[in-house]
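Structure record follows, encoded as C-alpha cells.
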Amino acid sequence: MKKLPFFERSFVKKLTNVHLLRIAEALSEQVYQEPEPGLLTGLAGQSIFLYHYGQTTGSDRYENLGFLAIQRVLEMIDNGFSWPSYAAGLAGIRYALKYLEQRGFLSTDYSNALDGMKPLLEQYAADRLREGDFDFLHGALGILMYPDQSPGKEPEIVLDDLLRQAIIPAENQLAWFSTNPKTGVQEINLGLAHGVPSILLLLSRYKSAEELEPIVNFLLDNRLTNSPNGSVFPHRLIKGEPDKPGRLAWCYGDLGVAMALWLTGARAGRADWQAEASAIMRKATKRTSLEPNRLFDTCLCHGTAGLALIFYKMGELTGHQELSDAAIRWVQATFDFGGRESFAGGFSYFTTGDRYVSNYGLLEGIAGTGLVLLSLLEPDNLGWESALMI
63 MKKLPFFERS
73 FVKKLTNVHL
83 LRIAEALSEQ
93 VYQEPEPGLL
103 TGLAGQSIFL
113 YHYGQTTGSD
123 RYENLGFLAI
133 QRVLEMIDNG
143 FSWPSYAAGL
153 AGIRYALKYL
163 EQRGFLSTDY
173 SNALDGMKPL
183 LEQYAADRLR
193 EGDFDFLHGA
203 LGILMYPDQS
213 PGKEPEIVLD
223 DLLRQAIIPA
233 ENQLAWFSTN
243 PKTGVQEINL
253 GLAHGVPSIL
263 LLLSRYKSAE
273 ELEPIVNFLL
283 DNRLTNSPNG
293 SVFPHRLIKG
303 EPDKPGRLAW
313 CYGDLGVAMA
323 LWLTGARAGR
333 ADWQAEASAI
343 MRKATKRTSL
353 EPNRLFDTCL
363 CHGTAGLALI
373 FYKMGELTGH
383 QELSDAAIRW
393 VQATFDFGGR
403 ESFAGGFSYF
413 TTGDRYVSNY
423 GLLEGIAGTG
433 LVLLSLLEPD
443 NLGWESALMI
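In my numbering, the protein residues as written are 63 to 452.
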C-alpha cells in the first residue's frame, strides 16, 4: 500500500519518530516485568511492535527485545499458563508466533511451539459455541479464525452448531442472540469485536454469497434512520430495538460493520456489498468530534489510532480521497493525545472510573498506537492488523 503524502513531510516524520522512540523505550522496560502473556493484552502483542520497530530502524536491540518477550511468553506457558482465549490466551499467542514466523522474525521451531494445543483450542471453541459464546475476543470465534490465515477444510461440525443457533428476525434475515456479560441481558450484538459482523466474517471463508446474504440483509436492515452523532448502526438490539447510536471505533459501530461488509463482499464477489461498506465509511468521515463519538484516547480498540488505520486501509482499497483525508485527521488527533510525560510512552488510556492510566497492550495501549504510527509511516509493516480481522 502507498504511503500517505502527509508522512513525507519532514516535520511529520520527525514527530512520528519521536513518539515511536518513546513507545519503544517504554516497551523495552516493560518486557522484563509484564505479567500478561497475551496477544492483545500483553507480551505477545508487544513483541510484534518491538520486532517491527527494530527492523524498520535497523536496531538489533529492539528485535532482541522482541525475542525476549516471546521467550518470556513461552516460559509462562511452561510454568502452567493455560487460558485458551484469543485476546489474552493461547489462541492469540499462537497467532503471534505464526505471524512473526511469516515475517521472518522467528524460526519454525518457535512458530510451531503451540501446534500441539490446536485440537484442544478447537475443542474449547466448539464447547463455547454450544454455550452460545461466539465472542471473537474471548469466546469461540477468535480461536476458529486465527492464527491460520487461509481458510482450509470447512469445520463442518462447528459451523453446523453456529448456524443451528441462528434466529430469523425477519424474512431472509439471520442473526444471533448473545448474553451481555455486564448486564446478563439477551441481545443481538452488532459490534465487530463481539457480535454478528465477526460471525459474518467467519462464515464468509466457507459459505457462498447466497448463504451469506441473510446475514448481510440483517445488518443493512438495522441501520438507524436518525442518530444524534451520525452513527449508521447501534451497538446492539435489545428486544428488537436499538440501544444507542454506535461509537466511532473498531470494536463497535460503523467502521467495524463496514469492514466486515467490505471483506465479505470481496470474498463473495458482491460489489454491491462493497459499495454499501464504502458509503458507510464515507459517511463516517463527517464525524470529526471526539466526545460525541466517545473518543478519549489513542487505542486501537476504540481510539484515534484505530480510526486512522481503518480509514487508511479503506482509502487504499476504495480509492476515495475523503477516507485518506480522514486517516490523516485521526493521526493528527493521535499526536494531540501524545506527550503526556507521566504516562508510559507519552500516551494515557481511558479506563473504568473515568481515569487515565498507562497501558502497554496491543488492543488498548501503546503497542497498538505505536504499530499504527509505524505502519502509516512505513506501510511495509502492515499485515499485523489481520489480528483484528481488518
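A virtual CB, placed ideally from N, CA and C, is assigned to each residue, including glycine.
Counting other Cβ atoms within 10 Å of its Cβ, residue 229 stays below 16 and is therefore classed as exposed. The continuous beta strand (DSSP E) containing residue 299 extends over residues 298-300. In the pairwise beta carbon analysis, the stretch 398-406 is classified as not touching the stretch 315-334: fewer than three pairs are separated by under 8 Å.
Across the structure, residue 168 and residue 162 are spaced so that their CA atoms are roughly 6 Å apart. In the DSSP assignment, residue 115 is bridged to no other residue.
Residues of the same chain with a CB within less than 7 Å of the CB of residue 436, apart from the 5 flanking positions on each side, are 82, 114, 115, 118, 443 in chain order. Cβ-Cβ distances below 7 Å link residue 294 to 285, 286, 316, 342, 345 in the same chain, with the five nearest sequence neighbours on each side left out; the list follows chain order. Residue nearest to residue 307 within the set 90, 296, 120 is 296 (criterion: CA-CA distance). Where residue 123 is concerned, the enclosing alpha helix (DSSP H) starts and stops at 122-140. C-alpha of residue 433 to C-alpha of residue 423: approximately 11 Å in a straight line. Pairing residue 429 with residue 396 gives a Cβ-Cβ distance that is not under 8 Å. Runs of the beta strand (DSSP E) lying entirely within the stretch 255-312 and spanning at least 3 residues, in chain order: 298-300. Here the stretch 348-357 makes no contact with the stretch 414-421; the two share fewer than three CB pairs at distances below 8 Å.
Under the DSSP assignment, residue 413 falls in the beta strand (DSSP E) whose first and last residues are 411-413. When C-alpha distances from residue 250 are compared across 305, 225, 266, the shortest belongs to 305. According to DSSP, residue pairing for residue 417 in a beta bridge involves 413. When the Cα atoms are used, residue 257 and residue 171 turn out to be separated by approximately 35 Å. In this structure the stretch 258-266 touches the stretch 195-207; the number of beta carbon pairs closer than 8 Å is three or more. Listed as beta-bridge partners of residue 237 by DSSP are 229. If you draw a straight line from the Cα of residue 320 to the Cα of residue 375, it is about 12 Å long.
Of the candidates 109, 222, 312, 325, the residue whose Cα lies closest to the Cα of residue 271 is 325. Judged by beta-carbon spacing, residue 149 lies beyond the 8 Å limit of residue 105, meaning their Cβ atoms are not closer than that value. Closest in C-alpha terms to residue 87, from the list 102, 289, 173, 124, comes 124. A direct Cα-Cα distance of roughly 11 Å separates residue 242 from residue 197. An exposed status is given to residue 72, since fewer than 16 other beta-carbon atoms sit within 10 Å of its beta-carbon. Membership of residue 355 in any alpha helix (DSSP H) is not indicated, and neither H nor E is assigned to it by DSSP.
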